[in-house]
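In this note's numbering, the protein residues as written are 30 to 357.
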């Protein structure tokens, strides 16, 4: 069978021990709230809601069957189907895929779905990884960034919807999502949205990751924050579970004022860990962080335009002011 190598970061969450003291109240409270009702599919290209950790989840059909619950994950380079669902649909492995997750590497079966549909998104002959470990027990699959290339992905946190629309470069209208100060980003590995931001006094590479409920900092960022912000609160023995099933232990950090695109957030948190994925991405030697939904949920809306490579964000309406806006 053919062998393929892809790069995929893991799905992560913080252990209960120590998490309450580090996660900002608005983010941590989401873990205790019931799921909001499913929105009218007519309101969005991808009918979606937010799970207990704040991660967007879409209803997806595979080969005309379903709908199934898929995580909408901008931090994944490929789409994933849970092995149990693939077997029930008769999807046969045709090769092997090496998955580079946040916490480790796993070799998993490779298959092809004849059709994958989520709202108005339709893709034929989609290459997928088959996985049944780690956090895949919570979903039937993962919609990876390979499904969004060339389009504009819009998240409305308040309304619990996700839309996949034409890129701004392909439309004559001004997007209602635009806050007017979009930030350019680059595509790492061809699909992952990566932009520069600042965490306190530290300039850092930020990767937008809607599949992670908490943000993950590399050791270079942790050490630079220790040097330039000596009195940040830190919490030991925080755990990170990757999609491949391995667990890493790191240090929780209460972050200083963080700039993400055109908005700023205070009282955010991250787990600093020596995650293998940073080495895969060649980001182990410079400050870098995966931006999870604990920080992204402070926004009212945000969009990722994969064609124009613009990240645009709107803070919560009640907190909008001129210039940079701090979110509490």
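Glycine residues also receive a C-beta, built at the ideal position from the N, C-alpha and C atoms.
8 Å contact criterion, which residue 142 and residue 91 should meet: CB distance rounded
Here residue 142 is taken as the residue at index 113 of the chain shown, counted from 1. Here residue 91 is taken as the residue at index 62 of the chain shown, counted from 1. About 5 Å separates the two Cβ atoms, so the contact holds.
Taking 8 Å as the threshold, find out whether the stretch 295–304 comes into contact with the stretch 231–241 through three or more Cβ pairs.
no
Backbone secondary structure at residue 341 - three-state DSSP:
Here residue 341 corresponds to residue number 312 of the chain shown, with the count starting at 1. DSSP places residue 341 in strand when its eight states are reduced to three.
Between the Cα of residue 18 and the Cα atoms of 166, 137 and 256, which residue gives the shortest distance?
There is no way to answer for residue 18, as the model of the chain reaches only from 30 to 357.
If the criterion is Cβ atoms closer than 9 Å, does the pair residue 214 and residue 114 meet it?
Here residue 214 is taken as the residue at index 185 of the chain shown, counted from 1. Here residue 114 is taken as the residue at index 85 of the chain shown, counted from 1. Not closer than 9 Å, so no.
Report, in whole angstroms, the separation of the C-beta atoms of residue 261 and residue 282, which I expect to be a contact under 8 Å.
Translated into the one-based positions of the chain shown, residue 261 becomes position 232. Translated into the one-based positions of the chain shown, residue 282 becomes position 253. Contact holds; Cβ gap of about 6 Å.
To the nearest angstrom, report how far apart residue 248 and residue 258 are at their CA atoms.
Sequence index remark: in the chain shown, residue 248 carries index 219 (1-based). Sequence index remark: in the chain shown, residue 258 carries index 229 (1-based). The straight-line gap from Cα to Cα measures roughly 15 Å.
Ordered along the chain, which non-local residues of its own chain (more than five positions away) have a Cβ less than 6 Å from that of residue 120?
The residue you call residue 120 lines up with position 91 of the chain shown. Once the five neighbours on either side are set aside, the close Cβ partners of residue 120 are 140.
Simplified DSSP assignment, three categories, for residue 212
Against the chain shown, residue 212 aligns to sequence position 183. Residue 212: strand per DSSP, three-state reduction.
For the alpha helix (DSSP H) holding residue 159, just list the boundary residues, first then last.
Reading the chain shown from its first residue, position 130 is the one you call residue 159. DSSP places residue 159 in no alpha helix (DSSP H) but in the uninterrupted beta strand (DSSP E) bounded by 150–160.
DSSP state of residue 96, grouped into three classes?
Walking along the chain shown from the start, residue 96 turns up at place 67. Strand.
Element boundaries [beta strand (DSSP E), containing residue 280]:
Working through the chain shown from its first residue, we reach residue 280 at position 251. Where residue 280 is concerned, the enclosing beta strand (DSSP E) starts and stops at 276–283.
Rounded Cβ spacing between residue 241 and residue 319 (contact assumed at less than 8 Å)
If you number the chain shown from 1, residue 241 lands on position 212. If you number the chain shown from 1, residue 319 lands on position 290. Residue 241 to residue 319, Cβ: 6 Å. Contact.
Nearest-angstrom Cβ-Cβ length linking residue 108 and residue 171, presumed shorter than 8 Å
Numbered from 1 along the chain shown, position 79 holds the residue referred to as residue 108. Numbered from 1 along the chain shown, position 142 holds the residue referred to as residue 171. With 8 Å as the limit, residue 108 and residue 171 qualify as a contact, their Cβ atoms being about 6 Å apart.
Quick check on residue 77 - is its C-beta less than 9 Å from some C-beta in chain D?
You won't find chain D in this structure, because it holds only one protein chain.
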